[in-house]
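In what follows, a single structure is set out as structure tokens and then discussed.
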Amino acid sequence: MIIGNWKMNTLRADALALAKAVMGMGCSSSTRIGICPPALWIDAIAEVVKHSSILVGAQDCVGDKFGAQTGSINADMVRNAGCSMVILGHSERRARFGESSEKLLNTVVAVLGTGMFPVFCVGETKKQRESGKASDVVVGQLKPLLTAGIDLGGIVIAYEPVWAIGTGLSATRKDIEEMHATVREVINRDDTPVLYGGSVSPESADDVFNARGVSGALVGGASLNADKFAAIVAAWERK
87 MIIGNWKMNT LRADALALAK AVMGMGCSSS TRIGICPPAL WIDAIAEVVK
137 HSSILVGAQD CVGDKFGAQT GSINADMVRN AGCSMVILGH SERRARFGES
187 SEKLLNTVVA VLGTGMFPVF CVGETKKQRE SGKASDVVVG QLKPLLTAGI
237 DLGGIVIAYE PVWAIGTGLS ATRKDIEEMH ATVREVINRD DTPVLYGGSV
287 SPESADDVFN ARGVSGALVG GASLNADKFA AIVAAWERK
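If you count the sequence shown from 1, position 175 lands on 261 in the numbering used here, and the numbers rise without skipping.
Below is the structure:
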């Protein structure tokens with residue numbers, strides 16, 4: 087599974103052109119490809135890709151039902167717009183908006199209730215890694231899901247080392263394997279995909295995908311370039 091997170095990028099025409107380019111990549115039918123555009127373009131992109139196997143997702147939503155929440159978009163809305171998945175707990179949301187795993191539980195349940203699947207992000211900062219707390223942090227981010235009794239069979243986990251996102255630093259294969267093993271040990275499931283999301287690029291993709299326990303990638307900046315995104319997908323398909 088390869089998911090492109092477009093973050094706060096693209097205007098409408100660029101977004102539609104990029105979606106069409108992704109749709110024309112010609113990947114294997116066994117490879118699940120998803121794109122998460124800005125919320126304003128979701129319905130238009132869902133229309134563009136509706137006859138393909140491309141999944142469309144939201145970058146965030148709230149778990150509450152309809153009501154007095156100015157500016158918020160809930161799970162029912164993004165599902166109605168054409169989404170199959172929602173990214174939750176991305177490191178940028180955790181850092182800038184205080185989204186903890188505990189606060190996200192209601193949203194996870196709401197997303198699952200619509201028939202979509204959450205792409206639940208976990209990962210440690212550079213300071214946490216250097217202090218030897220990387221595993222503890224990720225375990226702490228996953229535990230609330232288990233405590234709440236949420237069925238992890240319907241969830242995708244994305245491990246994103248915050249210190250390797252947009253910094254020029256790279257996680258080694260050993261780092262990736264150790265952290266993915268930690269995630270697997272905590273969730274105790276083999277059927278839950280665990281993606282890697284630390285600045286995946288065409289140059290790093292082969293090494294990432296050959297790491298044990300990696301089920302695919304959550305791709306950031308490289309997903310805004312159709313050729314780079316296609317190269318990452320190709321790396322996944324030749325692993």
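Just so you know, even glycine gets a beta-carbon here, dropped at the ideal spot from N, CA and C.
So residue i and residue j are supposed to be a Cβ contact under 8 Å. How far apart are they, rounded?
{"i": "Val272", "j": "Val225", "result": "5 Å"}
{"i": "Arg275", "j": "Gly239", "result": "7 Å"}
{"i": "Gly283", "j": "Tyr245", "result": "7 Å"}
{"i": "Gly209", "j": "Ser177", "result": "6 Å"}
Starting from the C-beta of residue i, find all residues in its chain whose C-beta is less than 7 Å away, skip the five residues before and the five after it, and write them out in chain order.
{"i": "Ile318", "result": "Ile88, Val286, Pro288, Ala291, Ala303, Val305, Ala308"}
{"i": "Trp249", "result": "Thr211, Lys212, Arg215, Leu255"}
Report all residues from its chain with a CB closer than 6 Å to the CB of residue i; omit the five preceding and five following residues, and keep chain order.
{"i": "Pro204", "result": "Val172, Leu174, Val194, Val197, Ile241"}
{"i": "Ala234", "result": "Leu191"}
{"i": "Ala257", "result": "Pro247, Ala250, Gly284"}
{"i": "Ser186", "result": "none"}
Taking the Cβ atom as the reference point for each residue, do residue i and residue j lie within a distance shorter than 8 Å?
{"i": "Ala220", "j": "Gln214", "result": "yes"}
{"i": "Val280", "j": "Gly299", "result": "yes"}
{"i": "Leu104", "j": "Leu310", "result": "yes"}
{"i": "Ile243", "j": "Thr278", "result": "yes"}
{"i": "Ile128", "j": "Cys147", "result": "no"}
Would you give the residue range spanned by the alpha helix (DSSP H) that residue i belongs to?
{"i": "Asp199", "result": "One point to set straight first is that residue 199 is Gly, not Asp, in the sequence displayed. Run containing Gly199: 187-199, per the alpha helix (DSSP H) assignment."}
{"i": "Pro230", "result": "220-233"}
{"i": "Gly321", "result": "First, the amino acid is wrong: residue 321 is Ala here, not Gly. 312-323 is the span of the alpha helix (DSSP H), which, as asked, contains Ala321."}
{"i": "Ile273", "result": "259-273"}
What are the start and end residues of the beta strand (DSSP E) that includes residue i?
{"i": "Leu174", "result": "171-174"}
{"i": "Asn166", "result": "No beta strand (DSSP E) contains Asn166, which is instead part of the alpha helix (DSSP H) from 161-167."}
{"i": "Leu102", "result": "Taken as a continuous stretch (DSSP letters only), Leu102 belongs to no beta strand (DSSP E), being part of the alpha helix (DSSP H) at 98-109."}
Verify the CB distance criterion: does residue i have a CB-CB separation below 8 Å to chain B?
{"i": "Leu231", "result": "In summary, chain B is missing from the structure at hand, where a single protein chain is found."}
* Specify whether the segment 108-124 and the segment 139-147 touch according to this definition: at least 3 beta carbon pairs, one from each stretch, less than 8 Å apart. => yes
* Stretch pair the segment 160-167 + the segment 105-117: three plus CB contacts closer than 8 Å -> no
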